[in-house]
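Data first, discussion second: the structure below is written as structure tokens.
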Amino acid sequence: LKAISDIFEPGSVIKPLTMAFLLEENPQLVHETVKTDPGYFYLDNHRIRDLGNNGTLTLEDILVHSSNVGISNLVLENASGKLCDFWSQFSLMQGSQIEFRPEGHGDLPKYILPGSFSEATMSFGYGFKMNLIQLAQLYAVIAGDGTFKPVTLLAGDKSHREDKQIFSEQTVLKMRQILQAPVARGTA
4 LKAISDIFEP GSVIKPLTMA FLLEENPQLV HETVKTDPGY FYLDNHRIRD
54 LGNNGTLTLE DILVHSSNVG ISNLVLENAS GKLCDFWSQF SLMQGSQIEF
104 RPEGHGDLPK YILPGSFSEA TMSFGYGFKM NLIQLAQLYA VIAGDGTFKP
154 VTLLAGDKSH REDKQIFSEQ TVLKMRQILQ APVARGTA
């Protein structure tokens, strides 16, 4: 019951989905590195920091080190103003539409100022909320074929549910490869 009734800020587990969004927007980012020196930066008088100075990071390294500085810099430099729209396509405010009540509905701001601290923190899972079923649905997009499939408890139920293509096959395959690194050598 708690998996659908309780809502929370997802935190760092959202970084791979933010990264997939960035790769979908610009597949060439896979070749980029991000400078995270000295391990923190200030935005709107707030500090965004990592646990240490990780230097220059690849996309894999951003997930291995769970770098808030790295993922937020990627968003601010490559997709500023687009992240809130990306999360809104998952209907976080309406919940998962699962046939079980009470379901906790997520919380997503209607608008985030591009380049703001709020947008930066959203890249690493703060400033919006979801329930555990919604988080599982998001990861299923990467685990599957890039398609968002509404969850149901009813076998064969296709009423009022439409699948939605979110990521290309190229993005999904690259993210699966990238996600092996935190398990092999990082924070997972």
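For the working numbering, add 3 to where a residue sits in the sequence shown, where the first one is 1.
For every residue, glycine included, the Cβ atom is placed at its ideal position computed from N, Cα and C.
- Considering only Ala146, Lys152, Asp148, Lys132, the residue with the shortest C-alpha distance to aspartate 9 is Lys132.
- For glutamate 165, the number of other beta carbons within 10 angstroms of its own is below 16, and it is reported as exposed.
- Bounds of the beta strand (DSSP E) holding phenylalanine 44 are 43 to 46.
- Separation of the CB atoms of leucine 135 and alanine 6 is rounded to 4 Å, and the pair is thereby assigned contact status at 8 Å.
- Pairing histidine 68 with aspartate 47 gives a Cβ-Cβ distance that is not under 8 Å.
- Between arginine 179 and proline 112, the alpha-carbon positions lie close to 29 Å from each other.
- Non-local beta-carbon contacts of phenylalanine 89 in its own chain, meaning distances under 6 Å to residues more than five positions away in sequence, involve Phe24 in chain order.
- The closest CA to that of serine 83, considering only Glu28, Asn57, Pro41, is found on Glu28.
- At least 8 Å separates the beta-carbon of valine 37 from that of lysine 177.
- Glutamine 140 has its alpha-carbon roughly 10 Å from the corresponding atom of threonine 150.
- The three-state secondary structure of threonine 21, taken from DSSP, is helix.
- Shortest Cα-Cα distance from phenylalanine 170 to any of Val144, Arg188, Ala184 involves Val144.
- Take the alpha-carbon of alanine 184 and the one of leucine 116: they are about 33 Å apart.
- Spanning the alpha carbons of glycine 58 and histidine 49 requires a straight line of approximately 21 Å.
- For proline 41, same chain residues with a beta-carbon under 6 Å away, outside a window of 5 residues either side, are Asn56 in chain order.
- Counting only runs of at least 4 residues, the segment 53 to 87 fully encloses the following alpha helix (DSSP H) elements, listed from N- to C-terminal order: 62 to 67, 71 to 81.
- In this structure, the CA atom of glycine 128 is about 17 Å from the CA atom of leucine 62.
- Among the bridge pairs identified by DSSP, lysine 38 is matched with Thr59.
- Membership of isoleucine 115 in any alpha helix (DSSP H) is not indicated, and neither H nor E is assigned to it by DSSP.
- Check the Cα spacing between glutamate 172 and each of Gly109, Val78, Ala146: the tightest is with Ala146.
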